[in-house]
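Which chain is which? The protein sequence lines are E and F, in order. Sequential numbering of the first sequence, starting at 2, is according to my numbering. Sequential numbering of the second sequence, starting at 7, is according to my numbering. Each residue gets a CB set at the ideal place from its N, CA and C atoms; glycine is no exception.
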Amino acid sequence: MPSLLHVFGNTFPAFGASLLLGAMVVASYTFAVALKAGADGRPRTLQAARFGAYGTVALIGVAVLCLAYAFVTHDFRIRYVAHYSDRSMPLEYLITALWGGQDGSLLWWLFLLSAYIGACVLWLGKRYLELQPYIIATLMAVVLFFCVLMAFAANPFATNVAGPRADGEGLNPLLQNYWMVIHPPCLYTGFVGCSVPFAFAVGALVTGRLDHEWIVASRKWTLFAWMFLGIGNTLGMLWAYEELGWGGYWGWDPVENAAFMPFLTASAYVHSVMIQERRGLLKVWNVFLIGLTFFLTIFGTFLTRSGMISSVHSFAQSSIGGYFVAFLLILVAFTATLVMWRWPELRDVTPSLRLRKAALAAGWLVIAACGPGLVFVWRLGLPVGWRVTLIAAIAGAAVFVALEIVFRRMTSGLDVRPRRPQIESVFSREFTFLLNNWILCSLLFFILMATTFPLISEALAGKEGKVTVGPPFYKAWVQPLGLVLLLLMGIGTLFGWKKTSPEALRRACYAPLAATCVGAGLHLVLGRAVGFPAIVWSDAIYPGALGAALRVFNACTPLMGVSLCVFNAAVIVQEFALLFRARAQSGALRSTPAVLWWAGGVPGFVHTLFSLSPASRRRYGGYIVHLGIVLMFIGFTGQSWNVDREASLFPGESYAVGDYNLRYAGARMEVDNNKRMVFADVDVFKSGHYVERLSPAKFIYKKQPDSPTTEVAIGHHLRDDVYLIVGTVNPSNRNIAAFQIHINPLVTWIWLGCLVLIAGSSICMWPQLELGESRVWGGARGVAATAASVLLGIMLAATPAARAQTMPHTGTVHIENDAERSLFSSLRCMCGSCPRDLLSTCPCETADEARENIRVKLRAGETRDRIIAEYADEYGAEALAVPPNRGVLRAIWLVPMVTIALGALGLARLVRRWRGGGSPSGSSAPRGRNPEGTGKDVYDAQLDEELKDLDD
Amino acid sequence: MTERGVQRRAARVAERALDADESERSLGRAIAIGLPLTGVATAVVVGIVASFGTALLVLAASALIGTIALLWASVRTLSGDAPLPSGFEAIARQRHAVDPLGERKRRVLRALKDLEGEHAIGKIDDADYAAFVTRYRAEAKAVMREMDLDVAPSRDEAERIAREFLQRKGLGPAKSADAAPRSPVEPARRACGACKASNEPDAVFCKACGAAIAKEHGETDAAP
Chain E
2 MPSLLHVFGN TFPAFGASLL LGAMVVASYT FAVALKAGAD GRPRTLQAAR
52 FGAYGTVALI GVAVLCLAYA FVTHDFRIRY VAHYSDRSMP LEYLITALWG
102 GQDGSLLWWL FLLSAYIGAC VLWLGKRYLE LQPYIIATLM AVVLFFCVLM
152 AFAANPFATN VAGPRADGEG LNPLLQNYWM VIHPPCLYTG FVGCSVPFAF
202 AVGALVTGRL DHEWIVASRK WTLFAWMFLG IGNTLGMLWA YEELGWGGYW
252 GWDPVENAAF MPFLTASAYV HSVMIQERRG LLKVWNVFLI GLTFFLTIFG
302 TFLTRSGMIS SVHSFAQSSI GGYFVAFLLI LVAFTATLVM WRWPELRDVT
352 PSLRLRKAAL AAGWLVIAAC GPGLVFVWRL GLPVGWRVTL IAAIAGAAVF
402 VALEIVFRRM TSGLDVRPRR PQIESVFSRE FTFLLNNWIL CSLLFFILMA
452 TTFPLISEAL AGKEGKVTVG PPFYKAWVQP LGLVLLLLMG IGTLFGWKKT
502 SPEALRRACY APLAATCVGA GLHLVLGRAV GFPAIVWSDA IYPGALGAAL
552 RVFNACTPLM GVSLCVFNAA VIVQEFALLF RARAQSGALR STPAVLWWAG
602 GVPGFVHTLF SLSPASRRRY GGYIVHLGIV LMFIGFTGQS WNVDREASLF
652 PGESYAVGDY NLRYAGARME VDNNKRMVFA DVDVFKSGHY VERLSPAKFI
702 YKKQPDSPTT EVAIGHHLRD DVYLIVGTVN PSNRNIAAFQ IHINPLVTWI
752 WLGCLVLIAG SSICMWPQLE LGESRVWGGA RGVAATAASV LLGIMLAATP
802 AARAQTMPHT GTVHIENDAE RSLFSSLRCM CGSCPRDLLS TCPCETADEA
852 RENIRVKLRA GETRDRIIAE YADEYGAEAL AVPPNRGVLR AIWLVPMVTI
902 ALGALGLARL VRRWRGGGSP SGSSAPRGRN PEGTGKDVYD AQLDEELKDL
952 DD
Chain F
7 MTERGVQRRA ARVAERALDA DESERSLGRA IAIGLPLTGV ATAVVVGIVA
57 SFGTALLVLA ASALIGTIAL LWASVRTLSG DAPLPSGFEA IARQRHAVDP
107 LGERKRRVLR ALKDLEGEHA IGKIDDADYA AFVTRYRAEA KAVMREMDLD
157 VAPSRDEAER IAREFLQRKG LGPAKSADAA PRSPVEPARR ACGACKASNE
207 PDAVFCKACG AAIAKEHGET DAAP
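So, in structure tokens, the structure goes:
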């Protein structure tokens, strides 16, 4: 096709690169003008900054469009285009190749950021004029970082040194599929979205407007980013499930964990801001949480790309880690300084310059002083693990303590203690939200520790001591934490704001507890009969007492999981019942037209939700989000009942597993433009009835004939997923095919749960009519927001027709019995070329040999522990999927558990302080002429009027 | 030229400036909507006629034009040549300082609203609810009194200025209505004839039982 490349001659790549430099210039200009607008407070300067922000957005759009053009026209002068595409790729994958590699995905990040900035500046309009300049400046600073990164380290427009190539290398087939199309954009939308609430927090810190204003302003943005973090993580799970083809959806890969961690902090944040809104408490904590969320999003990208921790995402490794570290350091230093500067306001004391300077000086002096002190601690003769723990704790606590000391000394003459208790009762939503924060942050800390433990272990114990942390470790430890979270989620919903009367609480507990007991009882009795036994034993991950304790707990996980899910569902249903009862009593139910009820009940339900006040709507939307999470937990519980089998079948043979009968019908071959496809057709029967035909396949790409990809075939059903993988099809032996068969129960509930989560979030984000707006405009906005979410849901729900998937090696894994399976799942393949594969999943030759050796030892009668020990002796501690529970390596669970316990203690102390502050009777002494009596006065009428109008 | 003529000419110049401002704003709005639409439309046409790649290029070109236009607008705004959106300056003048009393009042009102909601769905018993409401209402009223006292001097001053202005124009009442910082003359709350519940002064139906509340004799429709 004739392209306009000739018009540009040789300068198109240079043009693209200069666009990035131009974006840097425009972003700097906008940054400067925004700061000026903040300083002089003139609306003119602010408007100029807004235009500058829009200009930056447009310029970045130009850059992305130019790169897209280069892909579509196969401009192989550009190294990135040549590396990630070829002439045979269809159009949609050409576009997705934009984010297939590092440079392009950084540009994509920048593009999403600019879209957010454009939307945010537009939305801000003439509101929050005091915060706007600093919001814009912060966002421009982030843009600048990515521009600098791309201009100097990862330029997507860089040209091939050797000149243009005839054809490109093509995109990794692993990435040429539907889920790859939407997984990174959705996840990035979540990651990038966290910049906006962070910018609001910085604006609040700089201007000192630290009350509820910035929280209310950033609420929808936070919810939106949180929702997309959830969607992005779920899509990642879907991708792993449909594409990576090892039978599961979450491998506790470092990159997966890096995407999950900001979701945890963001979830904690959306709860704790409600306390700040209502009570003015936790100001420092909220600023810290949102800063941490933003930090984790950048940190996650850094982990993926720096290659520090090997992962399945190793296609993205590069040398740009240094830039990220610098940015993260600047980010932490800047935010810490801001917080120190605003310490008086954050602690509700009238600020003065003296206080501020003292806080800043104290904070930075401590950080500087920590240096030699930490070196000193390092040289003490303690075990290394203890040294590291001590240093981390000291440095963090020292700054906090220093600030508090300075603060108290300088305010010793003032009456700064709160004049009345900060919270009325422990039986309140305020307290349960604190618990929510505690458990979410505990989970976060645990996962952070485990993800970075390979690095820590290498630092502590040298190269020989480096360990890997594999899925068995996470499964054993995260399950208890997850169950505590599920329990607290249900209990928290039972409490109300301010105080829940003990009698009311008792009444509220009857129905859910009854439902839980019935559910647990039914599960215990009937579980095995329906194929979902309540107790499922697995192997201990450690020898000894700790391993045994974990083993017992994890055996009861299915029972506890199901019971807690029933509990939560019952609590949520009860809450809605209470709502409808209250509305019926007050007559508000009549505002819903009766016809909506007769039309199946759901329209009436939805109408009621939308006619609630915004605060109530957010509350009940939140309950629907909780329901979505409960459904996802049901899906996660299903893992306990997974069945994995291998079978080699001739055409016509059948294999029985559970209720299913799988008959191998035969093999067939198809060819298309870029690949040969070998299908193995399998007819699935359940309890004698024909269900469907599944066709797992192997795709042999022309570009990569030595590594055929395996296409998985999944039969999705509400109860079980039938998951088939074909290893080899041997045409010279009557097309005998080697199959891997997985029966994965309840997985579909995870995807359903995500859809419910989206619905709940949309309800929370539903826009409220502003005064003076017409109903039509409000309705239009709401519809647009819903449509976007529903579209996303449809994309999630639609099952793609053809998928492709690559495993690093070809071949099949033979596992003959459960003893072998348990051993192979505890040991890693040490061939060196697969990132973290276990012996149970890696099909390479080295793994085959290792498996055969182990088989021989098993037949000779060696015990499991002995075989594991010998393997570790031969290959080092890194060969174990679970870090051994000895010496300094205990830190991986000891440090988090101790921190969690300390956190609980800290929480108890905090609550005690909040409860006991000041005299129990008091409000402030009134200055008015009317004595504080019990008679009605003029203010009562005004109060009632304002309460009636209060609608936020 | 006479003073009147000079005044008239100044008024005309100002009017023309306002018109110019308004027309520049309309131009800005037109470009803001027209440029993207034109760009997308042209890209679609080119994409159908030529190729998808060329359509992308057209989109990129229109985005580049947009960038230049926006930066031009930014620099012009900074230099003072371009008018601001209508009403922007007025809103900017209404800057609110951090208001601790207002914040406290907002929180107390929120607390009362929360309590009402929790009581309605049965999470707080009547006894606890009554105790809380008494305490929070007392605090709310105390805060409101404090706010009124803070505002009272400014309110007095504002009323005085308004009165003097009206008197100068010959419009206002000759003598001031009252000099108290706040008029306590509020109509009393209405009791329902059927169930005796207390209702707002302007209520037409009782909020507890739904019965109609009879208008008092001689009452007008003036808002309290």
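Residue i vs residue j beta-carbon contact at 7 Å
{"i": "Ala870 (chain E)", "j": "Ala880 (chain E)", "result": "no"}
{"i": "Phe335 (chain E)", "j": "Thr433 (chain E)", "result": "no"}
{"i": "Ala66 (chain F)", "j": "Leu22 (chain E)", "result": "no"}
{"i": "Ile79 (chain E)", "j": "Phe112 (chain E)", "result": "no"}
{"i": "Trp222 (chain E)", "j": "Pro198 (chain E)", "result": "yes"}
{"i": "Gly101 (chain E)", "j": "Tyr117 (chain E)", "result": "no"}
Residue i, DSSP secondary structure in three states
{"i": "Ala666 (chain E)", "result": "strand"}
{"i": "His84 (chain E)", "result": "helix"}
{"i": "Ala802 (chain E)", "result": "Its pLDDT being 24, under 50, Ala802 (chain E) is placed unreliably by the model, and nothing is read from it."}
{"i": "Thr266 (chain E)", "result": "helix"}
{"i": "Gly605 (chain E)", "result": "helix"}
{"i": "Arg175 (chain F)", "result": "Just to set this straight, residue 175 (chain F) is Lys in the shown sequence, not Arg. Three-state DSSP puts Lys175 (chain F) in a helix."}
{"i": "Gly17 (chain E)", "result": "helix"}
{"i": "Val692 (chain E)", "result": "strand"}
{"i": "Val984 (chain E)", "result": "The shown model of chain E, from 2 to 953, leaves out residue 984 (chain E), and the question about it has no answer."}
{"i": "Pro615 (chain E)", "result": "helix"}
{"i": "Thr711 (chain E)", "result": "strand"}
{"i": "Asp131 (chain F)", "result": "coil"}
{"i": "Ser1 (chain F)", "result": "Because residue 1 (chain F) is not part of the residues shown, which for chain F are 7 to 230, the question remains open."}
{"i": "Tyr543 (chain E)", "result": "coil"}
{"i": "Pro746 (chain E)", "result": "strand"}
{"i": "Thr593 (chain E)", "result": "coil"}
{"i": "Thr235 (chain E)", "result": "helix"}
{"i": "Ile536 (chain E)", "result": "coil"}
{"i": "Asp25 (chain F)", "result": "helix"}
{"i": "Tyr129 (chain E)", "result": "coil"}
{"i": "His956 (chain E)", "result": "Since the first residue of chain E shown is 2 and the last is 953, residue 956 (chain E) is not available in this structure."}
Cβ neighbours of residue i in the same chain (closer than 6 Å, five flanking residues each side left out)
{"i": "Asp722 (chain E)", "result": "Ile715, Asn745, Val748"}
{"i": "Met153 (chain F)", "result": "Leu107"}
{"i": "Ala259 (chain E)", "result": "Gly301, Leu304"}
{"i": "Arg166 (chain E)", "result": "Phe77, Ala83"}
{"i": "Ser696 (chain E)", "result": "Phe680, Asp682, Ala714"}
Sequence-distant residues of the same chain with beta carbon closer than 8 Å to residue i, five excluded per side
{"i": "Ile276 (chain E)", "result": "Leu282, Leu283, Glu431, Phe434, Leu435"}
{"i": "Thr48 (chain F)", "result": "Val64, Ser68"}
{"i": "Met482 (chain E)", "result": "Met is not the amino acid found at residue 482 (chain E); the sequence shown has Leu there. Excluding positions up to five away in sequence, the list reads Ile440, Ser443, Leu444, Phe447."}
Proximal residues to residue i (C-beta, below 7 Å), its chain only, five neighbours per side dropped
{"i": "Phe201 (chain E)", "result": "Leu132, Ile136, Trp215, Ala218, Ser219"}
{"i": "Gly629 (chain E)", "result": "Gly754, Cys755, Val757, Leu758, Gly761"}
{"i": "Gly209 (chain E)", "result": "Arg343, Glu346"}
{"i": "Pro455 (chain E)", "result": "Ile310, Lys467, Val468, Thr469, Val470"}
{"i": "Asn736 (chain E)", "result": "Pro652, Gly667, Ala668, Val730"}
Contacts that residue i makes with chain B (C-beta to C-beta distance below 8 Å)
{"i": "Leu951 (chain E)", "result": "The structure shown contains no chain B; its protein chains are E and F."}
Residues sharing a beta bridge with residue i, DSSP
{"i": "Met678 (chain E)", "result": "E:Glu671, E:Phe700"}
{"i": "Asn205 (chain F)", "result": "F:Arg196"}
Check: residue i C-beta below 6 Å from any heavy atom of the ligand NAD
{"i": "Gly548 (chain E)", "result": "No copy of the ligand NAD occurs in the structure displayed, which carries no ligand at all."}
Inside the segment 40-115 of chain E only - beta strand (DSSP E) runs reaching at least 3 residues: none
Runs of beta strand (DSSP E) wholly within the segment 108-169 of chain F (minimum 3 residues, chain order): none
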